[in-house]
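Scroll down for the structure; my scribbles are underneath it.
In our numbering, the protein residues as written are 1004 to 1146.
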């Protein structure tokens, strides 16, 4: 197999400060690297002219990475994304306490799609939410 591992998941956001605050202060991610990317290399690989993008790599406790991207000079009106839209629809995280997480989501006024539900095989409890940038997250507590 040519693939060695999944390196990270990139999430384009409108409000980097708010999203970064939520991921670090509420979910416990650690900032690994934050940088403004511009110039020939990023223009070439993204095929965008004069692009400026701030990227923030965040690590979970197990070392898995999320990359938040804020494009400064490219923006498009938000496309209403639904959980069943084509393409990548959500990122899933394993959590230790889903009830505690739901309180955090509510405190941060993040839209919760339903109350946490236990799977039919009773192995996990799951909740989906919609973050401010029409990004869906799934949180799973293993029982």
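No residue lacks a Cβ here, since even glycine has one placed at the ideal position from N, Cα and C.
{"Query": "Would you report the Cα separation of residue 1010 and residue 1046, rounded to the nearest angstrom?", "Result": "21 angstroms"}
{"Query": "For residue 1033, report the span of its beta strand (DSSP E) as first-last.", "Result": "1033-1041"}
{"Query": "Between the alpha carbons of residue 1100 and residue 1032, how many angstroms are there, rounded?", "Result": "16 angstroms"}
{"Query": "What are the start and end residues of the beta strand (DSSP E) that includes residue 1130?", "Result": "1127-1133"}
{"Query": "According to DSSP, is residue 1143 helix, strand or coil?", "Result": "strand"}
{"Query": "What are the start and end residues of the alpha helix (DSSP H) that includes residue 1110?", "Result": "1101-1110"}
{"Query": "Just verifying my parser: in three-state terms, what is the DSSP assignment at residue 1083?", "Result": "coil"}
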